[in-house]
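Report on the following structure.
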Amino acid sequence: MRRPVGAVLAALITGLTVAGPALPAAASDEPAASVPADDAVLPAVPASVRVTFGREPVAAGSYLSVLDPDGSRVTLPGTPSVEGRTITQPMSSQRTGVFAIVYHVAFTDGGREGGLRHFTVDPAAPPSGGTHAHGSHGHSVDPLSATLLVVDGLVVLGAAVLLMSRRRHPRPVAWRLSASERTFDDQPT
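In terms of mature numbering (1 follows the signal peptide of the UniProt record, and there is no 0), the sequence shown is residues -27 to -1, 1 to 162.
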């Protein structure tokens, strides 16, 4: 029995297409953490700002800067340093209000990511928050949706396997005989 290779290949491609997007990414571009944390309220300006990623950034092609409450770039003492998955930038300012950490990062695998984190300096406010795991515009897959996509892919793949392995019924004998060989019981001879 000959199996159609094209149909099996199409079923395999369909299954991988459906299940492929549900597979987890190797690493996330979204920052894993920042110090100060995104939306943190601090009683004083921190001595430095740090952003940690899920992948290792490279110093060349990466930058980290801080904008003051007016949106002007804060003059930073020194240059950003990269250690492991963290970029650290020394900081010094006498201002209070909402600051923004702006980053554009090049990763060792060639990927790039840019984003924004905010923190507030308010001497009258109580300190808040540690590090947060949410980023400025990172996207993640909902676990329920990912699970349903995998299940759907497995159902499609299972249906394709069942259709391919289904045993074909042989053609009736009468169809295989030539017209002269066919005889019918109800015909007179």
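Ideal Cβ positions, reconstructed from N, Cα and C, are used throughout, including at glycine.
Option in the options with minimal Cα separation from residue i
i: A6; options: G27, T120 and S21; result: G27
i: G44; options: G51, F72 and P96; result: F72
i: V55; options: T69, L40, T48 and A79; result: A79
i: V75; options: Y36, V18, L121 and L127; result: Y36
i: S38; options: T69, R85, V129 and M64; result: M64
i: G34; options: T52, L122 and L121; result: T52
Backbone CA spacing between residue i and residue j [nearest angstrom]
i: Q67; j: H91; result: 17 Å
i: T31; j: S138; result: Looking at the sequence provided, one finds Val at residue 31 rather than Thr. Cα to Cα, the separation comes out at about 52 Å.
i: L(-5); j: G83; result: Residue confidence is low: L(-5) scores 45 on pLDDT, short of 50, so the model does not pin down where it sits. Its coordinate-derived value is still stated next. Those two C-alpha atoms are separated by around 21 Å.
i: A119; j: P4; result: 22 Å
i: V94; j: E29; result: 29 Å
i: L135; j: T25; result: 48 Å
i: P42; j: T81; result: 33 Å
i: G131; j: P116; result: 22 Å
i: V128; j: R85; result: 36 Å
i: A20; j: H77; result: 21 Å
i: A133; j: V123; result: 15 Å
Own chain residues within Cβ distance below 6 Å of residue i, not counting five before or after
i: A98; result: V14
i: R23; result: V8, T59 and T61
i: V47; result: V39, D41 and S66
Own chain partners of residue i with C-beta closer than 8 Å, once the 5 adjacent residues on each side are dropped
i: P96; result: P16, A17 and T69
i: L49; result: S38, V39, Q62, P63, M64 and S65
Contacting residues, own chain, Cβ-Cβ under 7 Å from residue i (five flanking each side not counted)
i: L121; result: none
Residue i CB to nearest heavy atom of the ligand GTP below 8 Å
i: P4; result: For the structure depicted, the ligand GTP is absent and the ligand set is empty, with no information on it obtainable.
Is the segment 53 to 60 touching the segment 82 to 90 in the sense that three or more CB pairs, one from each, lie closer than 8 Å? no
Please give me, in chain order, every unbroken run of the beta strand (DSSP E) with length at least 3 that falls completely inside the segment 49 to 103. 54 to 56, 59 to 63, 70 to 80 and 85 to 94
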